[in-house]
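S.K.:
Residue numbers (my numbering), protein chains in the order written: chain A, 6 to 415; chain B, 6 to 415.
#1: On the DSSP letters alone, give me the boundaries of the alpha helix (DSSP H) that residue 299(A) sits inside.
#2: Measuring only the C-alpha atoms, how far is residue 344(A) from residue 390(A)?
#3: For a contact meaning CB atoms closer than 7 Å, what does residue 374(A) contact in chain B?
#4: Around the Cβ of residue 378(A), are there at least 16 other Cβ atoms within 10 angstroms (buried) or fewer (exposed)?
#5: Give the single residue among 152(B), 78(B) and 208(B) whose Cα lies nearest to the Cα of residue 370(B).
#6: For the beta strand (DSSP E) that contains residue 56(A), what are its first and last residues?
#7: Taking the alpha carbon of residue 359(B) as the point to measure from, which residue in 325(B), 337(B) and 332(B) has its own alpha carbon closest?
#8: Could you please give me the residues that DSSP links to residue 410(A) through a beta bridge?
#9: At a Cβ threshold of 8 Å, is residue 242(B) touching chain A?
#10: Can you tell which of 169(A), 313(A), 413(A) and 338(A) has the C-alpha that lies nearest to the C-alpha of residue 154(A)?
#11: According to DSSP, simplified to helix, strand and coil, what is residue 281(A)?
#12: Taking the beta carbon of residue 110(A) as the centre, do at least 16 other beta carbons fall within 10 Å, making it buried, or is it exposed?
#13: If you check the beta carbons only, do residue 87(A) and residue 263(A) fall under 8 Å apart?
#14: Express the C-alpha separation of residue 320(A) and residue 352(A) in angstroms, rounding to a whole number.
#15: Go ahead and pull the three-state DSSP assignment for residue 349(B).
#16: Listed from N- to C-terminal order along the chain, which residues in the stretch 293-319 of chain A have their beta-carbon within a distance smaller than 8 Å of any beta-carbon of chain B?
#17: At a Cβ threshold of 8 Å, is residue 269(A) touching chain B?
#18: Going by C-alpha to C-alpha distance, which of 60(A), 364(A), 202(A) and 331(A) sits closest to residue 402(A)?
#19: What residues in the stretch 121-148 of chain A have a beta carbon less than 7 Å from any beta carbon of chain B?
#20: According to DSSP, is residue 230(A) part of a helix, a strand, or is it coil?
#21: Going straight from the alpha carbon of residue 140(A) to that of residue 211(A), what length do you get?
#22: Can you pull the chain A residues whose beta carbon is under 7 Å from the beta carbon of residue 33(B), in chain order?
#23: May I ask whether a heavy atom of the ligand MG can be found less than 7 Å away from the beta carbon of residue 255(A)?
#24: Is the separation between the beta-carbon of residue 69(B) and that of residue 194(B) shorter than 8 Å?
#25: Taking the C-alpha atoms as reference points, what is the distance between residue 66(A) and residue 27(A)?
#26: Would you say residue 394(B) faces chain A, with C-beta separation under 8 Å as the test?
#27: Please work out which residues of its chain come closer than 8 Å, Cβ to Cβ, to residue 400(B), disregarding the five sequence neighbours upstream and downstream, and give them in chain order.
#28: Would you call the stretch 128-146 of chain B and the stretch 227-247 of chain B touching, i.e. three or more CB-CB distances under 8 Å?
#29: May I have a chain-ordered list of the beta strand (DSSP E) segments no shorter than 3 residues that lie completely inside the stretch 133-170 of chain B?
#30: Indicate whether the contact test is met: 3 or more Cβ pairs, each with one atom in the stretch 212-221 of chain A and one in the stretch 240-259 of chain A, closer than 8 Å.
#31: Assign residue 276(B) to one of three DSSP states: helix, strand, or coil.
#32: Between the stretch 250-265 of chain B and chain A, which residues of the former have a C-beta closer than 8 Å to a C-beta of the latter?
#33: Residues of chain A with CB closer than 9 Å to the CB of residue 167(B), please, in chain order.
#34: What's the C-alpha gap between residue 80(A) and residue 122(A)?
#35: Could you round the C-beta distance between residue 355(A) and residue 386(A) to whole angstroms and report it? I think they count as a contact, below 8 Å.
#36: Does DSSP put residue 78(A) in a helix, in a strand, or in coil?
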């Protein structure tokens, strides 16, 4: 969707992998659209469905049920608005509406509320269209939980150089004109900022209500509690995607990790197990490492595992270093690479990394993810055979430099 | 040196990290230049030195001795030549001479003999200067031992599109004019190819003669046999760099891996152990994975661990797949990525990978190296949390696609 919103894809239809008809034909399943499941009768193994409010309900029996209800955009009460210029960005219909507004109206100034991945993706898309943007981060901290504050500060400073304003302030209310157009946003510090479009990227919530009503247990991270086969606490009901808690590959604890690859893999596991009918070996969902990235302002911003702040928040005795290195040898064209590396003090086990640079950040985070998955220490990372090719990678890769710095600190 | 040869560095002096004087001052050691060690008296712990042939020999006693004699360019007898237009590329003096020729003469056509890293580095440098190049690969196979033939073919085809001729033929002799200039090369198939410069990139040999004369044992891979502390078979003599056999991180067997990072790390280990005088814990050289890359014709060509051919040659029951994927999501600007993945059949253990693409190949090879070092299987690689960010990396990373294909084959 960020690419579509930037105006680089001619039609939203190109983002659609399957139409309902094609999906039904490809997998030989019945697809009901414009149909809501309003309740699950776990005793009689039936779901109650309706085609809309006020319409009559009917029942469909099931042998196996999969809940893939995903997550929804969460908007704080004070910011809920019916203005035609105020958007969330969760599904393709949201994206279509935003794109239509961008294509047909002149947006002098866009305000983005929220500093997570959705906010930064939207910022990048608007900025690529040449729209002046202001992003409000209530904590003054971009990608909080993923980036530590020094890496966030580096990104804020870089975006500032591009004329993108990142404000450390909380948007408390929206000023909408009688005709439904947005006029301005009002902040906790008393400022009023005029704008012609507002994107609310204020987080998501897993859609657990239907399952909760049927008695499914939630996990501590907010999704359905599932076992390694993705079976919920209720017989014959599996769950997958953004609506379940997975198991963290670093700590072994339940983790909410609503990432596309986890949705894909867990959907496959839930489907296989729901369909197997008790024969053969059940499919298992792997442990997951929370690893993601965003392309913003010409930078790759990537992270994997735990930031220092988030590690400390779950009681780990963690330590971190931040280093600056480069993408290639000093005599070759190269760009700065910033690496923050986090490890547990006594065990020296790696906990996570954050990498920011014009190139090579995502794949370096992937290298660290490999190490996180195998329970490596900072010494194992230092012992890595990083490839040296002067035009492509320096003799001392940025991750090697970071590992060395952390060894010295430990 | 490839960057210098391409004319992108103003002076070869910029490639010099330490002058002898600066090295002596920085580390407080005596540095003798223009001095050759002609023999080692291991009984009396002395080395015999001379300042040149015919000069008188003197002795220097040692408590600890480190052999860091490196490797030298190897030229087959039939190609040895005193022509001013025929070069090897091993040390900075070689590079200076080549650069001077390129800077002062018009080179209509350069012939490169040899298809290893040095040959490809030189090819890239000459090509960047706009010089027409022909590279002779006696096996028709680029980076043999590192790349399997299908990946080599892909590279040959790409270079052909750039007007670079890769010839499957062996250069047997050189035709040098009476004035010492090169006229042509003659090949096994009877062809005669005119040229104005020849680079002989026909391999290297470790400089073991001095140590062998003193009775040091060689390892099966051709370098000195050393223990994990880099002590040779002789008391008080350590060795490091291109002149020793390391231990392969994949097979546990002795491995010749003359790579810059191994030279750096082993130099540190040998130095620490030679200097420690029996107190404290000795430094250990890590196991190494053979991983390298070259930038040629706008491509990153990277490999790590064992190719299928090389794995089979050491008796492993190996299997491989080759896939084509892309560097980013299909709707974003992206480039093809070719991955070949090698694993052991029964254990499913990863043995190596080869990655070729305009971007992201080196770092993906580094991801596989991480897995090789931890003894991962192809299933562990498939379970990786590859980062998805549409502009930076597709939902299904090329390595994930390769792992999936290999799982199916196994």
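We put the beta carbon where it would ideally sit given N, CA and C, even for glycine. Fair warning: this is a prediction, and the values are worked out from it, not measured in the lab.
M.R.: Quick answer:
#1: Here residue 299(A) belongs to no alpha helix (DSSP H); instead the beta strand (DSSP E) covers 296-301.
#2: 18 Å
#3: 389 and 390
#4: buried
#5: 152(B)
#6: No beta strand (DSSP E) holds residue 56(A); DSSP gives it neither H nor E.
#7: 325(B)
#8: Per DSSP, none; premise fails for residue 410(A).
#9: no
#10: Of the candidates 169(A), 313(A), 413(A) and 338(A), the one whose C-alpha sits nearest the C-alpha of residue 154(A) is 313(A).
#11: coil
#12: It counts as exposed.
#13: no
#14: 14 Å
#15: Reduced to three states, the DSSP call for residue 349(B) is strand.
#16: 293, 294, 295, 296, 297, 298, 299, 300, 305, 307 and 309
#17: yes
#18: Of the candidates 60(A), 364(A), 202(A) and 331(A), the one whose C-alpha sits nearest the C-alpha of residue 402(A) is 331(A).
#19: none
#20: coil
#21: Using only the alpha carbons, I get a separation of about 25 Å.
#22: In chain order: nothing, as chain A lies at least about 22 Å away.
#23: Looking for the ligand MG in the displayed structure turns up nothing, as the structure carries no ligands at all.
#24: With respect to residue 194(B), residue 69(B) sits apart: the two C-beta atoms are not nearer than 8 Å.
#25: 24 Å
#26: yes
#27: 334 and 393
#28: With a cut-off of 8 Å, the stretch 227-247 of chain B and the stretch 128-146 of chain B do not count as touching, because too few Cβ pairs lie within range.
#29: 137-141
#30: yes
#31: helix
#32: 254, 264 and 265
#33: Residues of chain A passing the Cβ test: none, with the nearest at roughly 16 Å.
#34: 15 Å
#35: 6 Å
#36: Three-state DSSP puts residue 78(A) in a strand.
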